[in-house]
Amino acid sequence: MKGMNYLAMMRQRCPRCLKGAMFESSFKMKSHCPVCEFKYEREEGYYTGAMFINWFFAVFLIGPVWVSMLLTGQSPWLTVIVTTVLLLLCTPLFFRYSRVLWLYFDYYIFHPE
Ligand SMILES: [Zn+2]
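What follows is the structure, encoded as structure tokens:
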């Protein structure tokens, strides 16, 4: 994508100034960029779309593990336990990156300044 800064994205930084952090803690997002005052939550329910990205991450990253365990004849309980643990471990990452992606897509594609 043109002009999109992947490094800042990986580091969960503000899409505008690329410096301000986007998160306060694992599951808490800041309302504004601490550096340039860019508003992260642009409107009510702005992050509803991020939930779909979150779901997409879960299906496409955990799904293959689940399928390959089933195909290699692992016990169903082991399969459930492994995928559940994996999902729990990945949830903070999925949560953060789904929001980061959503904000970047919006900023660079739909509402460039
Ligand atoms: Zn900023």
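Using our numbering, you'd call the opening residue of the sequence shown number 1230 and step up by one each time. Glycine included, C-beta positions come from ideal geometry on N, C-alpha and C.
inquiry  = Is it buried or exposed, Tyr1276, if we count other Cβ atoms within 10 angstroms and call 16 or more buried?
reply    = With 16 or more Cβ atoms within 10 Å of its Cβ, Tyr1276 is classed as buried.
key: Under 7 Å between C-beta atoms of Ile1282 and Thr1312   = Contact flag unset, no.
Bridge partners - Ser1327, DSSP secondary structure assignment = DSSP lists no partner for Ser1327.
request  = Using 10 angstroms around the beta-carbon of Phe1249, count the other beta-carbons present and answer buried if the total reaches 16, otherwise exposed.
outcome  = The sequence given here has Gly at residue 1249, not Phe. Looking at its Cβ environment, which holds 16 or more other Cβ atoms inside 10 Å, Gly1249 is buried.
query = Around the Cβ of Phe1339, are there at least 16 other Cβ atoms within 10 angstroms (buried) or fewer (exposed)?
reply = By the Cβ-count criterion, Phe1339 is exposed, with fewer than 16 other Cβ atoms from all chains shown falling within 10 Å of its own Cβ.
ask   = Cα separation between Pro1397 and Leu1307?
value = Within the shown structure, residues of the chain are numbered from 1230 to 1342, placing residue 1397 beyond reach of any answer.
request  = Tell me whether Phe1289 sits in a helix, a strand or coil according to DSSP, three-state version.
outcome  = Helix.
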